[in-house]
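Notes follow once the structure below has been shown.
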Amino acid sequence: MAEPNGKIEISPRGTRGALTLWGSFWMRLFKPLLDRQVSQYRETGGRSAPKFLDFPLVLLTTVGARSGKEFTHPLGGFEQEDGTWLVVASKSGASTHPAWFINLAKNPENVWLEVGNRKLRVRPSLLKGKEREAALARIAAVSPRYGKYQNKTDREIPIVCLRAS
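Listed below in structure tokens is the structure:
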């Protein structure tokens, strides 16, 4: 879970992992597409999520660790029986963490989750040990791709629990 001071531990980057197209060139190329996806999600209350996804799409807003600006990321979200949501910092099995995870870890008091028409301020915590393994098994049962990402990298892929605050 989160450390007592509210900060989230950032585990070391891996030494191997899947190649990703998230370099600055690709981000500039795909940013308009991602921005449009976020806008459509908000306009339709989440009903515009791509049909090929095998998981619900949510929007996670974090505050940049260096810039202080808000960034919104479309992510796979997995609702739990207790009303919390899990998001996986997989970056498709890359050796590095996604930027949203670094931002969330550095600014855990400034995190929002959008599910359909609801926007909630959430408190993130990191799942560890058996709790993390059980969550990963539940997530992989819904979306098998998430179960395969850990095999691509030697970094521990963080699973973040988001609780409405």
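Sequential numbering from 145 applies to the sequence shown in the numbering used here. Don't be surprised by glycine CBs; every beta carbon is placed ideally from N, CA and C.
Check: When DSSP labels each residue in this structure, what does Gly227 get in the three-state scheme?; Outcome: coil
Check: Which residue spans inside the stretch 231-271 form an unbroken alpha helix (DSSP H) run of at least 4?; Outcome: 243-250
Check: In the DSSP output, what is Ile303 paired with across the bridge?; Outcome: Val232
Check: If you count every other CB in all the chains shown that lies within 10 Å of the CB of Lys296, and 16 or more means buried, which is it?; Outcome: buried
Check: Exposed or buried, Glu258, counting other C-beta atoms within 10 Å across all chains shown (16 or more means buried)?; Outcome: buried
Check: Do Glu277 and Ser155 have their beta-carbon atoms positioned less than 8 angstroms apart in this structure?; Outcome: no
Check: Counting along the chain, where does the alpha helix (DSSP H) carrying Pro288 start and finish?; Outcome: Pro288 to Lys296
Check: I need the straight-line Cα distance from Pro288 to Gly212, nearest angstrom please.; Outcome: 35 angstroms
Check: With DSSP as the reference, label Ala284 as helix, strand or coil.; Outcome: helix
Check: For the candidate residues Leu173, Arg210, Leu230 and Leu219, whose alpha-carbon lies nearest to that of Leu280?; Outcome: Leu230
Check: Mapping DSSP to helix, strand and coil, what is Thr159?; Outcome: coil
Check: Closest to Lys245 by CA distance: which of Arg265, Asp298, Gly190 and Val304 is it?; Outcome: A small fix is needed here, since residue 245 is Phe in this sequence, not Lys. With distances taken between Cα atoms, Phe245 lies closest to Val304.
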